[in-house]
Structures are given as C-alpha cells and as structure tokens.
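Beneath this line is the structure, given in structure tokens, with notes to follow.
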Amino acid sequence: MFKEINEMIAAGQSVSITIHKTGVNMTVTVLHLDNGVKDDAVKKIKPLTLTGTAEELDEGFVSEITRPLQLSGGIISNIAEYEKGVEAAAGSTKAAKEVSDIIGKMIKDAEKYETDGKLSEALAEYKKVLEKEPKHSKASRKVDELTNSLSQTSLF
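Each position in the sequence shown, counted from 1, maps to that position plus 235 in the working numbering.
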C-alpha cells in the first residue's frame, strides 16, 4: 500500500490518514496536504472518507484513493507552480524598477552636467545610461547631440 501511495504524491506533499474504529467498521479519512503552499484554496480540499470492514478496506483502499489523490495532488502542484511564478514576476518587477531608478538618477546627473556646462561629463553619463539600456531614446539623442557639439571646434 505505501509503495502505491508514494507514487501518488509529489515531493514536498503529505497525505494525512486518520483511522477511527466503530464496532466492526473502520472509518478512514485521507487528506492531501502541502505545507509549502500559501494559497487558502488548498484548505478547501475536503478529505476523502471511506468506511468499511478491515477486509473491505484492505481490498479496495488503494484503488479508492488513487484518483482523488491524483486530482488533489495536481491542484496542489498547480497552485505551488503559480505561486512560484508570482514570486518570480515580483522579483523581476522589483529588479526592473531598481534599474529604472538608477537610469533616472543617471539622466538627472547628465542634465546637471549639461546645465553646468560640463559637456564631456554629461556625454560620459549618457553613455553609461546606454550601457544599461541600449535603446534609451533620450540618452541616445543626447549622445549624438553632445558628440556633435564637442567635435565642433571654433576656428577663431
């Protein structure tokens, strides 16, 4: 029986089996668990309850729990994968915001250099922006403008 149950559950998942004896019958409750899943939807999975004599349960227990454990295990696995995806997306969003904040600061620094007449420093700062984000339109335009401005020399 345990070999079959082992094949029905995924790593990290648990199956709780409770046995209660009443006279000649036994009531067995089987509940599929995953302690790593945060979503409350997992708590809505109801336990499977089987009642019968010891002989009846010996005979049909595994076949009766197979399909319900496969279904609940699939649901639990899907929720766990979804939660991992949400966490990964949140991490990506946070990283993108951090890069955006850094680029924003670099643009402000470059603009300040321009205002102060430090065109070489402004050009260097805009080039740093393009290293982080090669398609940044403002930085690209400013690099072209400043390169042209710095390459023009006065004849007088």
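We put the CB at the ideal spot given by N, CA and C, even for glycine.
Selected residue, minimal CA-CA separation from L266, among M236, I300 and S312: Closest in alpha carbon position to L266, among M236, I300 and S312, is I300.
Where D269 sits in the DSSP three-state scheme: D269: strand per DSSP, three-state reduction.
Span of the alpha helix (DSSP H), counted from its first residue to its last, around V364: L354 to K367 is the extent of the alpha helix (DSSP H) around V364.
Closest by C-alpha distance to M236, when choosing among L292, L354 and S249: Nearest option by C-alpha distance: L292.
Assigned secondary structure, K256 (DSSP; H/G/I helix, E/B strand, else coil): Strand.
N-terminal and C-terminal residue of the alpha helix (DSSP H) that G287 is part of: DSSP places G287 in no alpha helix (DSSP H) but in the uninterrupted beta strand (DSSP E) bounded by L283 to T288.
Straight-line Cα distance separating Q387 from H371: Taken atom to atom, the span from the alpha-carbon of H371 to that of Q387 is near 25 Å.
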